[in-house]
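If you're matching positions, the sequence shown starts at 993 in the working numbering and goes up one per residue.
All residues carry an ideal CB built from backbone N, CA and C; glycine is no exception.
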Amino acid sequence: MASRRCFGALTRHCRSLLLSPTFKTLTPAPNFPPLLRNPSFTPPFRPRELERFDRLRFDAIRGFSSTTSASSDDEEGDGEESNDGDEEEEVSGADGFPDRRRLMREAAAAEIGYGVVGPLDPSEQPFVPYEPVFAVVQIGSHQFKVSNGDAIYTERLKFCEVNDKLILNKVLMLGSRTQTIIGRPILPDAAVHAVVEEHELTKLRITNIQGIEEPQGAAVAA
């Protein structure tokens, strides 16, 4: 009963509020003008400082581009001149190239310990009769004691072919029955002649030894 009376009182109170002339209803919001979606701001004036800056920047860019093009033209001209000079040097050096290569070969052979005289002519007789003379020669890193008619094998020698005549110029020692000459480290006036007989491992046949002379008395006694 009590709850029913409370519910009735609440209902009457709400009804009186709805029917009251002083009840304020919600009023619609005022209609404002719509905002611009992409507003663009244009300044009312352009300062003279900005115009002067733009003019200076344009002049600087134009001067830089003209200088760059001129420098590139100069570089192209210099490149063409240098190329022409290189071509002239190549043409002028073409005639002397074989001589330069020959000199390089001779220097490399001399460093090993020999020099190429030339091919052996079929009519030549380079062999000297045996003499009691010996020599110690160095070819590359190896040393050989040789006499006339001996054959030695070395590593394959460059710049020479079979039947080429060689001069072995690194003579470390000469000797005979009566004397011995030792170089310091080589004997500049001595030479050992040889002929290339094979060329897998280079086979040299000793033909003559120069730089030492046997006294006449010793030669007759021999």
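{"Check": "For R1169, three-class secondary structure by DSSP", "Outcome": "coil"}
{"Check": "The segment 1106-1125 / the segment 1146-1162 touching (three or more Cβ pairs under 8 angstroms)", "Outcome": "yes"}
{"Check": "7 angstroms CB neighbourhood of H1134 in its chain, flanking five on each side removed", "Outcome": "T1146"}
{"Check": "Residue burial classification, S1003 (beta-carbon count within 10 angstroms, cutoff 16)", "Outcome": "Looking at the sequence shown, residue 1003 is not Ser but Thr. The residue in question, T1003, is exposed, as its Cβ has fewer than 16 Cβ neighbours within 10 Å."}
{"Check": "Member of A1143, E1123, Y1122 and V1163 whose CA lies at the smallest distance from the CA of Q1130", "Outcome": "V1163"}
{"Check": "Same chain only: Cβ atoms within 6 angstroms of S1139, ignoring 5 sequence neighbours per side", "Outcome": "F1126"}
{"Check": "Local Cβ density within 10 Å of M1165, reported as buried at 16 or more and exposed below that", "Outcome": "buried"}
{"Check": "Terminal residues of the alpha helix (DSSP H) in which R1092 lies", "Outcome": "F1089 to I1104"}
{"Check": "Host beta strand (DSSP E) of V1154 (start-end)", "Outcome": "Unbroken run through V1154: none, as it is neither H nor E."}
{"Check": "Touch test, the segment 1111-1119 against the segment 1087-1098, Cβ-Cβ under 8 angstroms, three pairs minimum", "Outcome": "no"}
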